[in-house]
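The sequence shown begins at 0 in numbering that gives the first Met the number 0 and counts up by one.
Positions of the beta carbon are idealized from the N, C-alpha and C atoms, including for glycine.
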Amino acid sequence: MQMTKPTKPVKAGWLGSVAIGAVLVLGIAGCNSTTQQGAEQASTAPANTEHAASDVWAMSKAEFDSAREIYFQRCAGCHGVLRKGATGKALTPDLTRELGLEYLDSFITYGSPAGMPNWGTSGDLTEAEINMMSRYIMNDAPQPPEFGMAKIKDSWTVLVPVAERPTRQMNDLNIDNLFSTTLRDSGEVALIAGDSKEIVTIIKTGYAVHISRISSSGRYLFVIGRDAKVTLIDLWMKVPGPVAEIKVGSEARSVETSKFKGYEDKYAIAGAYWPPQYVIMDGETLEPKKIVSTRGMTYDTQEFHPEPRVASIVASHYHPEFIVTVKETGHILMVDYSDINNLKTTDIEAELFLHDGGFDSTGRYFLVAANARNKVAVVDTKEDKLVTLVETGPTPHPGRGANFVHPTYGPVWATSHLGDETIAVIGTDPVNYPQHAWKVVQKLEGQGGGALFIKSHPKSTHIYVDTALNPDEEISQSIAVFNVADTAEEAPAYKVLPIAEWSGIAEGARRVVQAEYNMAGDEVWFSVWNAKDQVSAIVVVDDKTLELKSVIKDDRLITPTGKFNVYNTRKDVY
């Protein structure tokens, strides 16, 4: 297999040494300001927006409100609602004013291979919008409202009572091979049949759904939007549709359901970015049962942090526990849901800036990126303790990671990186390969930085790595594929799949994001992600031949990003 190098190589360290460094990701971002969620981030603009101390960052109230909405949509996920920084660097006025307007305009326009999208050259933001955003981050951040039980309960709606729902599956869908596909900028998910490649239905959800999760039984689909709206969808209905919804804050990322024996489908949990808290809910109705704040001290310096956001959440296979990662303080909480009225939590001190992650192939060990610290934390979910921290490279961003059996090192888990082109391969078998366990045993070299997801499958011989946030179009519009057998070599080659070209779409940024296997593990689906007013698509590749198999196009596929196969998501197959 021959490695295809980009014709325009870009060094991952470009602009990386300046004060902002890798101003990362800005969320899996869209390009439109049509929603109102940002209005909930603050009720009033700071006093200096009309009469700023300097004309350089002066803004009218109308400009400030517009910029606040854009920041919510694209920036808050990595830089924080209060702009204190996490995956992305802090954007507080003491830093941004020193950098200056011209520098900020340039950085937002051109981006960085370390993960900052090229908002200007991609056409996503106009020159005027970029200048407005530069001035916005030179002003003080507004203070968002809190969300207590009364406010959360006011948002809770049961659309179809449990007693009125089907008692058996009322459709002929192969539910296990359904794909819940995020339509980011339209605030919807598309349910796509994996067998026929046809859209079953489009369901209105929260804005910019971040993830989909499946109940243990496989019946219920939970989706959570960036606006912290959780939608519960019943897949047994003749046409699957929403049966309950709730809003757990102003901004959120994570939702999960109870999986331990005896608690299947009993509870759901949602973690909020703002306010920093998690909410435990009834698994069939979303009735809120318990709210727990995550504000507290950083694990290392024991300093209070006002915005320690809930990042990833997974359900333990060994105990009736939710594993809740707290981004800014570096704590991993093992939340025992066996008695939520007398909640018990094991607090594991790990590392700051925890983000996303997944299980090893056995389901016992949880590996989660502390991406701004360039590490992966390994947690033993059977013993409820930290195993170790593994240095991987600049800003690991694994999604849920990729498990495969390495020809030399045995079972491994891999992460790609936002900050450079490397893929870190970590040994995960302390029994049969103890000498390699919890160490980086190999570093593969991919196309470049800006990677969001890496994926493999137990039945596949391939590893797929996207580079959706790389500013080089040739890189962001394609996928690197490694053959597992080739990893036995010192410098394994990869093959480049021109996914955007295969889609047949000629215009737009056409970022290619997130490989997702079908249930059988013989197809891989990719999103070709364009702006809201442009054509997008899903490209399906034959995993055995690495050839184009199908292209799914539909006017209703608006900004498709994440895709979640029901079986693989429910069973933690990745």
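State the DSSP-derived secondary structure class of residue i, mapped to helix, strand or coil.
i	result
H304	strand
A484	helix
M280	strand
I136	coil
V55	helix
P92	helix
M296	strand
R363	coil
F80	Per the sequence presented here, residue 80 reads as Val, with Phe not at that position. DSSP places V80 in coil when its eight states are reduced to three.
V247	coil
A349	coil
From residue i to residue j, what does the alpha carbon distance come to, in whole angstroms?
i	j	result
D335	G507	47 Å
L90	T166	51 Å
G426	A413	9 Å
A85	Q168	43 Å
T284	G445	44 Å
L417	F452	10 Å
P497	T568	26 Å
E39	P144	Any answer about E39 is weak, because its pLDDT of 44 lies below 50 and its placement is not dependable; what the coordinates show is given next. Taking the straight line from one Cα to the other gives about 7 Å.
A162	S214	18 Å
S475	I69	23 Å
W528	K343	42 Å
G561	N173	20 Å
L177	A310	26 Å
N564	S105	39 Å
I331	A271	15 Å
L158	I201	17 Å
I303	L81	It should be noted that the sequence gives Phe, not Ile, for residue 303. C-alpha separation (whole angstroms): 14 Å.
E263	A514	28 Å
S253	V222	9 Å
R509	F525	11 Å
H316	G186	32 Å
G26	P397	Low per-residue confidence applies at G26: pLDDT is 36, beneath 50, and the placement is therefore not dependable enough to give any value.
Y566	A314	16 Å
K246	W155	7 Å
I339	R399	27 Å
A605	D93	Outside the displayed span of the chain (0 to 573) sits residue 605, for which this structure offers no information.
Y109	K384	42 Å
S211	L220	7 Å
H209	P274	17 Å
A536	D184	14 Å
T256	D281	10 Å
E350	K228	28 Å
What residue range is occupied by the uninterrupted beta strand (DSSP E) comprising residue i?
i	result
M169	Looking at the DSSP string, M169 is not in any beta strand (DSSP E), and its letter there is neither H nor E.
P287	287-292
V565	Run containing V565: none in the beta strand (DSSP E); it sits in the alpha helix (DSSP H), 565-569.
W412	409-414
R510	510-516
F358	353-358
M333	330-335
I268	266-273
S253	250-256
W528	522-528
V440	439-444
E390	384-390
Locate the alpha helix (DSSP H) running through residue i, then write down its first and last residues.
i	result
R73	60-73
I107	100-109
I151	148-154
I474	472-475
E500	498-502
Is it buried or exposed for residue i, if we count other Cβ within 10 angstroms and need 16 for buried?
i	result
G29	Low per-residue confidence applies at G29: pLDDT is 34, beneath 50, and the placement is therefore not dependable, though the value from the model is reported in the following sentence. Flag for G29 reads buried.
R555	exposed
P491	buried
D532	exposed
S549	exposed
Q301	exposed
Q72	buried
Q434	exposed
- [ ] Entirely within the stretch 164-212 and at least 3 residues each: give me those beta strand (DSSP E) ranges in chain order.
- [x] 177-182, 187-192, 198-203
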